[in-house]
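**Q** Please see the structure below; I have some questions.
Number of protein chains: 2
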Amino acid sequence: MTPDPNRVLIFDTTLRDGEQSPGCSMTQAEKLRVARALADLGVDVIEAGFPAASRGDWEAVNAVAREVQGPVIAGLARCTRADIEQAARALEPAPRRRLHVFLATSAIHRQYKLNMAQDEIVRSAVEAVQIAREYCDDVEFSPEDASRTELDFLARVVEATIAAGATTINIPDTVGYTVPDEFGELFRYLRQNVRGIDRVRLSVHCHDDLGMAVANSLTAVVAGARQIECTINGIGERAGNCALEEVVMALATRAQFFNLQTGIQTNRLYPVSRLISSITGQPIPRNKAVIGENAFAHESGIHQHGMLQNRMTYEIMRPEDVGLARSNLVLGKHSGRHAFRDRVRELGFELDELELNRVFEEFKALADRKKELFDGDIEALVLRAEGSAHGPWSLTGLEVGSQLGAPATATVKLRHADGRAPSCKASGDGPVDAAYKAIEQGTGLAVKVRKFEVHAVTIGEDAQGETVVYVDYNGRSYRGSSVSTDIIEASCKALLEVLNRIEQSQLGARTGKRDAAPAAAKTAV
Amino acid sequence: MTPDPNRVLIFDTTLRDGEQSPGCSMTQAEKLRVARALADLGVDVIEAGFPAASRGDWEAVNAVAREVQGPVIAGLARCTRADIEQAARALEPAPRRRLHVFLATSAIHRQYKLNMAQDEIVRSAVEAVQIAREYCDDVEFSPEDASRTELDFLARVVEATIAAGATTINIPDTVGYTVPDEFGELFRYLRQNVRGIDRVRLSVHCHDDLGMAVANSLTAVVAGARQIECTINGIGERAGNCALEEVVMALATRAQFFNLQTGIQTNRLYPVSRLISSITGQPIPRNKAVIGENAFAHESGIHQHGMLQNRMTYEIMRPEDVGLARSNLVLGKHSGRHAFRDRVRELGFELDELELNRVFEEFKALADRKKELFDGDIEALVLRAEGSAHGPWSLTGLEVGSQLGAPATATVKLRHADGRAPSCKASGDGPVDAAYKAIEQGTGLAVKVRKFEVHAVTIGEDAQGETVVYVDYNGRSYRGSSVSTDIIEASCKALLEVLNRIEQSQLGARTGKRDAAPAAAKTAV
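In order, the protein sequences belong to chains A and B. Just so we're on the same page, my numbering is the position in the first sequence counted from 1, plus 924. Just so we're on the same page, my numbering is the position in the second sequence counted from 1, plus 924.
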């Protein structure tokens, strides 16, 4: 295994470690869209999911393996034959595939989670790697909670799994506990004390609980790791994982220091980040590194004060390096299909003819309502083109009235695919509350709204807002969103998306499409 | 200067480097509230502002110096006598005060920003430190863009300013460019090559452009720095500054590794973080380290799957360590003043009797509309108790009507302190747009809404939402916010807050209260 020694592989786990964090679950269609965007971005490995966790996970991994070209497709498995076989079957269609098996090694996990002695851990890990190798030449092993594992025992597990055939050894800082100085030492220790370590690719997987996921990943790379596991926007369990866009731009910006390359097309970072933000309904903080609204100083402050300086005085990256379009070109209702397609491309999206036609129709409809369309409007149209759950319920009428100091009223007309067309009137505390009560009456589905948010997607007096609603129903959490210039309309459509998701998942449940996740399925690496 | 060698000072610059970033500007009342919260939190130094930047900044620094007890109060100044004198006068009332002077030292800043040769830089810095020492025994010097400065020149500047009387030398990574390995080396180099360095306190000031502000700060501390400059929630220019809550919790959680202490009351971190979020209108991302909604695993996932494990399997901090109340105790309209006060205290707020009475009245009014009140409701009440711009305009009537596919209409009744009571009707694209047009007609102020957001502050069917609106007016940016269960009402009140701020600042301008910021005032350290 001696390709370019200065090449660092980017292993994206947005669809596995990212997706399993609260509020980030995705439908299969959304996962496919993300996987295609990751392939275009140039990631080396896509961890598509944890096939044994649920039927839905299995099918999503299988769909990605079937349909996404380019990167290696990986699936996670615990150290059991059943898990590994399920993962192997799900990955079968992929031309290049990887089985990723994991087992916790730290004393606290051995005692409280696994109730296994050191010898049992080694035996189980070795056996799992051997089983995985029956199905696949590309096998990654992760000693979960490695950073809290006794160094000598960690070395023993790593050595044994290499001997058993692992081709990549990943060192996870599962609970985001380590600091750079210490973590670099850990990698140096392993490289000095583990026989066969030069035969495998060393990998790093960091969490951000103390805000150091990026720095810890880079320290590992300096100490010899040549694969970084990360997620777009740093989504993931608790404080999240190492953010792909940050670690990649650190390697690129400080290329002279690191002297390492990745295969990432950095000018696609911004569109992919926006895609994940839109799908998960989690806005990008204004002061987020690399992709936040304030990340580039030229947008504000200094340049507003008219200082004509070298841009590099305060900017270490250029907006165009990460795919942030500098111009905010305005389109309107007289803009043609050609101009629209060009703009969509410049924003970093690739649509096929069918998708382009559909989005262009929506563009024309929006342009009739809105005088000027900005990049944000177009992004919203494209991002919403897939992903929303089209489903049995749709909104055909909505009338609201409200007066300060009195309950608001709403009349809602709905249509269901089975022909029902209820019309309901309700009053409530504000028009959204009233409309939601009317929708509950009309659909007969009683839900509990857990969270309600509106994010602006564009600027201007007729700005579009994206309403995102989180709902609890039967112990599960659902998310729906909708974009409109009318906040009440968007709120109703977002709730209907949730109700459509609920109906679809109930259908799925009846045909056995969704299994309950096994108890350990939420295990974090 | 040999107090406890293991004590790291926390220098909070939320009110200076944080406040000057886009979207984070605060009124003087808000700054005072933040400064008091920082004093309660136990920070060692509060950088209250940049007195020479504007009259408003000067007055805010002066008010903090007058009214906030405990921490050292610092003010920033460029290397000019005028700046230093203004800062010294503003700080005069403070029992403990610090003058913080800065000058850029990197080649790119010398050439493109300052147009000064190396010798001129040294001369100017030395002179400024000497002037500052005329006013104050506690003088900090920052070589701006230190991490991109030639090491030997940096050492020369630092040595000269120490000789001139600086008592703290701060090393800023102004553009967020450095990485831990390199930054540790820089500190070690200075400690080996600068005469007199052991006489001063070394400080570190990091930005997060590549996601490494916390790690770089900690590396500096390992290499000998004993002051960390940081901001609550990591607000600050571009990607922001080192986040106080992250760096403090890293030192606390990894105390065995670092063997260093701070004076921070960590159980006040969460309330202070919420305060800053509320005042700046910038929500805390769900996956934010330490204080984000997902930061503690027990809230979700793993524990939901019913695994009874040692909590430390996946949690390296306890929620109560950072002041996150575990219970979500529900209060209602029958809750008494006593229960309310207890809850407010448990949430980490200290209110005087007058404030408590006012907030309790609002609590009773809200309890009449809302069945159950959660911690988030109470936080919102307390946080809104100050900070909103009470001003000439108030909302006395609001009536909206909207129908799918047709323009919405809104009738708005307003009252101005001067006796005007306009009532206006307008139609628009959705009820918010219609109401905003009516408000513009009624007030005669034409504004440009740049951004509109709604964040949930509580859960449940009658959840309260906080509407935040960003407006451009005459080339300046204003922010207003309001909390209500009725989204349209909250939107109108948020806009009125903006209009009140505009009127107040116009009044201020007429009486000479606000100077234009000097060209270099936005300079970042």
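Quick reminder that beta carbons are idealized off the backbone N, C-alpha and C, glycines included.
Can you find the residues in the same chain that come closer than 6 Å, C-beta to C-beta, to A984(B), ignoring five residues on each side of it along the sequence?
**A** So the qualifying residues of the chain are Q952, K955, G973.
**Q** Determine the contact status of G1100(A) and L1142(A), defining contact as a CB-CB distance below 8 Å.
**A** Cβ distance not < 8 Å, so G1100(A) and L1142(A) don't count as in contact.
**Q** Evaluate G1256(B) with the Cβ neighbour count: other Cβ atoms within 10 Å of its Cβ, from every protein chain shown; 16 or more gives buried, anything less gives exposed.
**A** G1256(B) should be labelled exposed.
**Q** Could you check which residue in I1302(B), E1153(B), Q1180(B), E1009(B) has the C-alpha nearest to that of S1202(B)?
**A** With distances taken between Cα atoms, S1202(B) lies closest to I1302(B).
**Q** How about the region 959-976 of chain A and the region 990-1007 of chain A: do they share at least three Cβ pairs that are nearer than 8 Å?
**A** They touch, by the three-pair rule.
**Q** Would you list, in chain order, the members of the region 1312-1330 of chain A that have their beta-carbon closer than 8 Å to a beta-carbon of chain B?
**A** Residues passing the 8 Å Cβ filter: L1319, T1320, G1321, L1322, E1323, V1324, G1325, S1326, Q1327, L1328.
**Q** Is it true that the CB of H1129(A) sits closer than 8 Å to the CB of V1336(A)?
**A** Result no, Cβ atoms of V1336(A) and H1129(A) do not sit closer than 8 Å.
**Q** Need the endpoints of the alpha helix (DSSP H) that K1349(B) sits in, please.
**A** Not the alpha helix (DSSP H): K1349(B) falls in the beta strand (DSSP E), residues 1347-1352.
**Q** Counting only the same chain and skipping the five closest in sequence on each side, list residues whose C-beta sits under 7 Å from that of I1045(A).
**A** Once the five neighbours on either side are set aside, the close Cβ partners of I1045(A) are L1027, T1029, R1034, V1081.
**Q** My output table needs one value for N930(B): the three-state DSSP class, helix, strand or coil.
**A** DSSP places N930(B) in coil when its eight states are reduced to three.
**Q** Using DSSP with H/G/I as helix, E/B as strand and the rest coil, what is Q944(A)?
**A** Three-state result, Q944(A): coil.
**Q** Whose CA, out of R1235(A), F1111(A), N1191(A), lies closest to the CA of A1070(A)?
**A** Selected option, being the one with the closest Cα: F1111(A).
**Q** To be precise: take each residue of the region 1094-1112 of chain B, compare its Cβ to all Cβ atoms of chain A, and keep it if any distance is under 9 Å. Which residues remain?
**A** Per Cβ criterion, the list reads T1098, V1099, G1100, Y1101, T1102, V1103, P1104, D1105, E1106, G1108.
**Q** Please report the residue range of the beta strand (DSSP E) in which I1095(B) lies.
**A** 1092-1097 is the span of the beta strand (DSSP E), which, as asked, contains I1095(B).
**Q** Is C1130(B) helix, strand or coil when you go by DSSP?
**A** In the structure shown, C1130(B) sits in a strand (DSSP, three-state: E or B).
**Q** So, at 7 Å on beta carbons, what are the nonlocal neighbours of L1197(B) in its own chain, with the 5 sequence-adjacent residues on each side left out?
**A** Note that residue 1197(B) corresponds to Ser in the displayed sequence, not to Leu. Answer for S1197(B): I1156, N1157, E1169, I1208, I1215, listed in chain order.
**Q** For R1005(A) and S945(A), I'd like the C-alpha separation in whole angstroms.
**A** Approximately 26 Å between the Cα atoms of the pair.
**Q** Using a C-beta cutoff of 8 Å, does S945(A) count as contacting chain B?
**A** Judged by the 8 Å Cβ criterion, S945(A) is in contact with chain B.
**Q** Would A1418(B) and V1392(B) be called neighbours here (beta carbons separated by less than 8 Å)?
**A** In this structure, V1392(B) lies closer than 8 Å to A1418(B) by Cβ.
**Q** Taking 8 Å as the CB-CB cut-off, is H1379(A) touching chain B?
**A** Yes - at least one Cβ of chain B is within 8 Å of the one on H1379(A).
**Q** Can you name, in chain order, every residue of its own chain whose Cβ lies under 6 Å from the Cβ of Q1228(A), other than the five neighbours on each side?
**A** With a pLDDT of only 39 at Q1228(A), under the threshold of 50, the placement of this residue in the model should not be trusted; the figure read from the coordinates follows. Excluding sequence neighbours, Q1228(A) sits near nothing in its chain.
**Q** Span of the beta strand (DSSP E) holding Y1402(A)?
**A** Looking at the DSSP string, the run of the beta strand (DSSP E) that includes Y1402(A) is 1400-1408.
**Q** Compile a chain-ordered list of the residues in the region 1156-1169 of chain A whose CB is closer than 8 Å to at least one CB of chain B.
**A** Going along the region 1156-1169 of chain A in chain order, one finds G1158, I1159, G1160, E1161, R1162, A1163, G1164, A1167 with a Cβ nearer than 8 Å to chain B.
**Q** Grab the span of the beta strand (DSSP E) containing H1258(A) for me, first residue to last.
**A** Neither: H1258(A) is in no beta strand (DSSP E) and is coded neither H nor E.
**Q** Am I right that E1413(B) and G1325(A) are in contact with their C-beta atoms under 8 Å? What's the rounded C-beta distance?
**A** So it is not a contact: roughly 14 Å between Cβ atoms.
**Q** Among the candidates G1164(B), I1363(B), V1306(B), whose CA atom is the shortest distance from the CA of T938(B)?
**A** The option with the nearest alpha carbon to T938(B) is G1164(B).
**Q** Below 8 Å, how does it come out for the region 1341-1351 of chain B and the region 1339-1357 of chain A: are there three or more Cβ pairs, yes or no?
**A** Judged by Cβ distances under 8 Å, the region 1341-1351 of chain B makes no contact with the region 1339-1357 of chain A, as fewer than three pairs qualify.
**Q** With a Cβ-Cβ cutoff of 8 Å, do F1146(B) and G1108(B) count as a contact?
**A** According to the sequence displayed, residue 1146(B) carries Val and not Phe. Yes.
**Q** Indicate whether R1123(A) and D1062(A) have their beta-carbon atoms separated by less than 8 Å.
**A** In this structure, D1062(A) does not lie closer than 8 Å to R1123(A) by Cβ.
**Q** Taking C-alpha atoms, which residue in L1290(A), H1379(A), D1097(A), A1090(A) lies nearest to E1051(A)?
**A** Of the listed residues, the one whose Cα sits closest to E1051(A) is A1090(A).
**Q** Short of 7 Å in beta carbon distance, which residues of its chain neighbour I1077(B), apart from the five on each side in sequence? Order them along the chain.
**A** Before going on, a small fix: residue 1077(B) reads as Phe here, not Ile. T1029, Q1042, listed in sequence order.
**Q** 8 Å is my cut-off, CB to CB: does F1376(A) come that close to chain B?
**A** Taking Cβ atoms only, chain B reaches closer than 8 Å to F1376(A), which makes this a yes.
**Q** Within 10 angstroms of the Cβ of A1179(A), are there 16 or more other Cβ atoms? Answer buried if so, exposed if not.
**A** Exposed is the call here.
**Q** Quick check: is the beta carbon of S1224(A) nearer than 8 Å to any beta carbon in chain B?
**A** Here the model assigns S1224(A) a pLDDT of 37, short of 50, so the residue's position is not dependable, and the following value carries that caveat. Cβ-Cβ to chain B under 8 Å: yes for S1224(A).
**Q** State buried or exposed for E1377(B), treating a residue as buried only when at least 16 other CB atoms are found within 10 Å of its CB.
**A** Buried, because 16 or more other Cβ atoms sit within 10 Å of the Cβ of E1377(B).
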